[in-house]
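Q:
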Amino acid sequence: MRVAVANDYDLIVAGLEAMLSPLTSRVNVCAAITVGDEIPDPVDIVLYDTFGRTDDGVVAIKQLLTTDGVGKVAVFTGSPRPAQVAASIEAGASAVLAKSRSARSLVDALVDIYHGERVVDSAGGGPFVAPWPGAARGLSARQSEVVALLLQGLSNAEIASALYVDVNTVKTHLRHAYRALGVHTRSQALALLLGEPDGFSRATPVAVGR
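The numbering used here numbers the first residue of the sequence shown as 4 and each following residue consecutively.
This is how it looks when you write it as structure tokens:
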């Protein structure tokens, strides 16, 4: 079973590769790609991490499925919500998998998908252990995703909408993130991370300052 891992952030892709590497007897992780890349050789499944997306990855799912050499797409997400699951399946994904899965459980699911099953996880479970951008600076996974959207130029309200939380929750995450980064304002955070990305650099840059 040939699998490619995909995300716009190199650190996320590297984390997925490292997570699956002990199980190479069952899964061949043969490519690490960003959405829009050509696939060097056909793959059975693209494991797509939705980190940093504002649309639950729906556009990316459709784009991946029209890429030559891609068989199926499995969405990998922190906390699957009913609306996200429905949108992903409607877009053509064969699965929505939670990051609370262990590496072995994730491979079990990929094998099921390969054999034609649809696998859908619900929210809950333990934390994802792979690294995320800003982890070395003390950012939690959720703070990291909020900061990633901030760097894409989204307002607090737009971040709240993308993550299905209220604006006050976004403000709380940002306040804690700023403290971890040693800054006090949005502009200081942008200046720091645009100059020293800590894994936040995107393979497909988005203009900041909308």
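The beta-carbon is built from N, C-alpha and C at its ideal position, and this holds for glycine as well.
(1) Does the segment 141 to 156 come close enough to the segment 113 to 124 that 3 or more CB-CB pairs lie under 8 Å?
(2) According to the Cβ coordinates, are V76 and Y51 closer than 8 Å?
(3) Check whether the segment 37 to 48 and the segment 81 to 89 are in contact - that is, three or more C-beta pairs closer than 8 Å.
(4) Going by C-alpha distance, which of V168, K102, L196, V170 is nearest Y181?
(5) So, under 8 Å CB-CB, L14 and P136 are touching, yes? Tell me the CB distance rounded to an integer number of Å.
(6) Which parts of the segment 72 to 147 are runs of the beta strand (DSSP E), unbroken and 3 residues or longer, counting only runs that do not cross its ends?
(7) Just how far apart, CA to CA, sit D124 and A89?
(8) E161 to V150, Cα distance in whole Å?
(9) Assuming contact is defined by CB atoms lying nearer than 8 Å, are V30 and M4 in contact in what I supplied?
(10) Can you find a CB in chain D that lies within less than 8 Å of the CB of I48?
(11) Label D59 either buried or exposed according to how many other C-beta atoms from any shown protein chain fall within 10 Å of its C-beta, with 16 as the threshold for buried.
(12) Quick check on D52: does DSSP put it in helix, strand or coil?
(13) Label G129 either buried or exposed according to how many other C-beta atoms from any shown protein chain fall within 10 Å of its C-beta, with 16 as the threshold for buried.
(14) So which of T70, T69, A144 has the shortest CA-CA distance to K102?
(15) Pull up the CB-CB distance for A94 and I64, whole angstroms please, since I reckon it's below 8 Å.
(16) Nearest to V8 by CA position, among S97, V49, D169, is which residue?
A: The relevant details are as follows:
(1) no
(2) Between V76 and Y51, the gap from beta carbon to beta carbon is short of 8 Å.
(3) no
(4) L196
(5) Right, their Cβ atoms sit about 5 Å apart.
(6) 73 to 80, 98 to 101
(7) 12 Å
(8) 12 Å
(9) yes
(10) Included in the structure is just one protein chain, with no chain D present.
(11) buried
(12) strand
(13) With a pLDDT of only 40 at G129, under the threshold of 50, the placement of this residue in the model should not be trusted; the figure read from the coordinates follows. Within a 10 Å sphere around the beta-carbon of G129 sit fewer than 16 other beta-carbons, which makes this residue exposed.
(14) Per the Cα distances, A144.
(15) 4 Å
(16) V49
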